[in-house]
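Engineer: Here it is, the structure in full.
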Amino acid sequence: MAYQNTNGCISDSIEILDPKPLAAVACDVVHPPIVASFNDRIRPLLDCIDKLRHLNIMQEGIQLPTIVVVGDQSSGKSSVLESLAGISLPRGQGICTRVPLVMRLQNDPNITAPNLQLEYNNKSLPVDEIGIADAIIHATDEIAGHGKGISNNPLTLVVKKNGVPDLTMVDLPGITRVAVQGQPEDIYEQVYDIIMKYIVPEESIILNVLSATVDFPTCESIRMSQKVDKTGERTLAVVTKADKAPEGLLEKVTADEVNIGLGYVCVRNRIGNESYEEARSDEERLFSTHPLLSKIDKSMVSVPILAQKLVRIQASIISKCLPEIVRKINDRLAANLAELNRLPQHLTSVAEALTAFMRILSSSKDSLKKILLSGEFDEYPDEKEMHSAARIVEMLNQYSNELHSKNFEKVDEFLMEEIMVLQETKGIGLPNFLPRAVFLNVLQRKVTEIAASPEDFVGKLWNYLERVVIIVLMYHCENYPQLQSSTRRAAQNLIAKKKNESVDWVREIIGMEKLTDYTCNPDYLTTYSKFMAQQHTFMEIMNDHGKYSMINLEGVGVIDVGHLRKHLDVVQQAFDLKMRMMAYWKIVLMRLVDSMALHIMFSIRNMITKEMENEIIQDLMAPHGGGIERMLDESPLVAEKRNRLKKSVKLLKESKEVVANIMDRISLHDDHERD
């Protein structure tokens, strides 16, 4: 066995018993008196579990190994516990146990009189053996109210006595299907919920109390335990009232129709005013001399055997679960401390608030630079919408494709627009001369047709950027909800301004494109020359009045030019105009896309590095913003979370100390044994 307690770290390596299945442990029984504990290691381990239970470590989602006593109403549950503890518990008609009763039995050979303590509602009251039943009734009334209602709030009875086994058990209300007068109509559902809460965890051992007078498969407690323990590997059955129904009992407990993995123990409980010593003697005599009951194996009968089985099963389940409990305490404590440290500092001065505010602005700007400018997305690896550089490129590509899809001329109307413009702008002058006004007229028509696309694009882009910016700002302000409204409002106002600026810029460049036909891009002349090289072939076909009128023009495709022969006087000019416009239009579209990309990135950079901080500060300092002093008022949600985490950390630290102290006690005991 090896465990350590170094620098407050509890080892998760604990060996108490030879590793055996619980069923094997349950069968491996000797026949010492009921007072004997399994060994000296059990008591400190049980103390550890009891202290953790008292601290209510279960509220942290850490389950404790527990012996849970269940049974149908009047099955004899309370009598079994009385026999184990040697004290009287409340009896009567109906549900006697109305709250979970945690019974902690502690053997103390050094005391002559029992020491009994009731713990409930943050109170601890000493009681005497004579008045224990009345004290439990009074405490139950205080917890569950007067009458016959039940409650899930537990009552703990600590029994320190010479001659009891070292055990901790939880006795639950008996199962009843029909509400009697004074009981709530849903009494079965309430009892069911309480029982399930205790028996569902894998760490629970189910002590199922069955009356020998009934068929086991019909018992509601069996049905409940089978729902959560189908194999029966953590269920032990206690058969009461064996003296009242001895016929066929041997067959019942050996056939095991209800799949009880940890076996059966048949007992005879105290009757009437018998002393517990008399009850044990009568029980021993019953199972030794009764013609039917004496045939049951002696490892399956008597309260002392039940006590020994429970002690061994308890020791086994604790030794199995304690390392995992230690690990969960350490993990939960580390997680809660980390979460507590992540909470914002509770600000107490304007200087602290200003420092925190500037830190929020700085971290927000850093995040936005990474997301929008550098193309990094490590802060949002799984959120594709936040991979903003890639999304902006996708939007630009879509914008480019949309622009290039505009002005797609139908092949059957080839040159008709140019011919119409030439005819409508005819004037007195030299023939075959292409006035600049004609080219500008066509250009302005084409620019007007695509003018809405850039405006739509900047609108969509800034709407997307608004979502991204607000997500980032809200993330960095999440610990200061009092800042979020001002920050969100400032971001929305700033994005609206940037959107308007972009719309104004788009309208300017659209106006520029309409006003002037200019480029220094050498591709214009190269492309124009390549297109015009087709003019000779084109004119040959135009002048050929035969049937052949099809031509494949680069940049246009296959067209039928037959409809143009009636416009021979202007068709050559129209062709020249068309080729110039096609070459120049490529430059225009490229310019609209390239300049848009530059404008957007420049605007984003200015927004992040210069404008955002000023906008947020101005909004916060405005009358409706409340000023930096608002940060001194901690959010109720953050305050509640901080208090909850502090309580949790305190509980987990206390639990960790409890386990560490118990480990120290066991280590000292082992050292003494080796000496």
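Counting in the UniProt record's numbering, the sequence shown runs from 1 upward without gaps. Every residue, glycine too, gets a C-beta built ideally from N, C-alpha and C.
1) Whole-angstrom Cβ separation of residue 73 and residue 213, contact assumed at under 8 Å?
2) What are the boundary residues of the alpha helix (DSSP H) that residue 311 is part of?
3) Spatial neighbours of residue 616 within its chain, please: CB distance less than 6 Å, with the 5 preceding and 5 following residues excluded, ordered by chain position.
4) Could you check the C-alpha separation between residue 288 and residue 294 for me, to the nearest Å?
5) Alpha carbon to alpha carbon, how far is residue 348 from residue 328?
6) Starting from residue 141 and walking both ways along the alpha helix (DSSP H), at which residues does that stretch end?
7) Exposed or buried, what is residue 518 when buried is set at 16 or more other beta-carbons lying within 10 Å of its beta-carbon?
8) Beta-carbon separation of residue 662 and residue 44 under 9 Å?
9) CA-CA distance, residue 591 and residue 516?
10) Between the C-alpha atoms of residue 273 and residue 282, what's the straight-line distance to the nearest angstrom?
11) Please identify the residue among 638, 66, 601, 574 whose C-alpha is closest to the C-alpha of residue 319.
12) May I ask you to report which of helix, strand or coil DSSP gives residue 89?
13) As a quick exercise: from 542, 309, 163, pick the residue whose alpha carbon is nearest that of residue 277.
14) Along the chain, where does the beta strand (DSSP E) containing residue 123 start, and where does it finish?
15) Considering only C-alpha positions, which residue in the set 554, 647, 103 is nearest to residue 534?
16) Buried or exposed: where does residue 660 fall if 16 or more other Cβ atoms within 10 Å of its Cβ makes it buried?
17) Nearest CA to the CA of residue 402: which residue from 475, 452, 231, 275?
18) Note down the Cα distance separating residue 633 from residue 356, rounded to an integer number of angstroms.
19) If the criterion is Cβ atoms closer than 9 Å, does the pair residue 258 and residue 232 meet it?
20) So, does the stretch 209-228 touch the stretch 331-344, judging by three or more C-beta pairs under 8 Å?
21) What are the boundary residues of the beta strand (DSSP E) that includes residue 264?
22) Which first and last residues belong to the beta strand (DSSP E) in which residue 161 is found?
23) Which value, in whole angstroms, describes the spacing of the CA atoms of residue 170 and residue 637?
24) Answer with buried or exposed for residue 269, where buried requires no fewer than 16 other C-beta atoms within 10 angstroms of its C-beta.
25) First and last residue of the beta strand (DSSP E) that includes residue 169?
26) Provide the residue span of the alpha helix (DSSP H) that contains residue 119, from first to last.
27) Leaving aside the five residues before and after residue 265 along the sequence, list all residues of the same chain whose C-beta is less than 8 Å from its C-beta, in chain order.
28) Have a look at the DSSP bridge pairing and note the partners of residue 552.
29) With residue 539 as the anchor, note down where its alpha helix (DSSP H) starts and where it stops.
30) Does DSSP put residue 297 in a helix, in a strand, or in coil?
Structural biologist: In short:
1) Going by Cβ atoms, the distance from residue 73 to residue 213 rounds to 13 Å, so no, they are not a contact pair.
2) 303-342
3) 487, 490
4) 5 Å
5) 35 Å
6) 132-144
7) exposed
8) yes
9) 13 Å
10) 13 Å
11) 66
12) coil
13) 163
14) 123-127
15) 554
16) buried
17) 452
18) 13 Å
19) yes
20) no
21) 264-266
22) 155-161
23) 36 Å
24) buried
25) 167-171
26) Where residue 119 is concerned, there is no enclosing alpha helix (DSSP H), although the beta strand (DSSP E) it sits in stretches over 115-120.
27) 236, 237, 238, 239, 300, 301, 302, 305, 306, 309
28) 558
29) 535-543
30) coil
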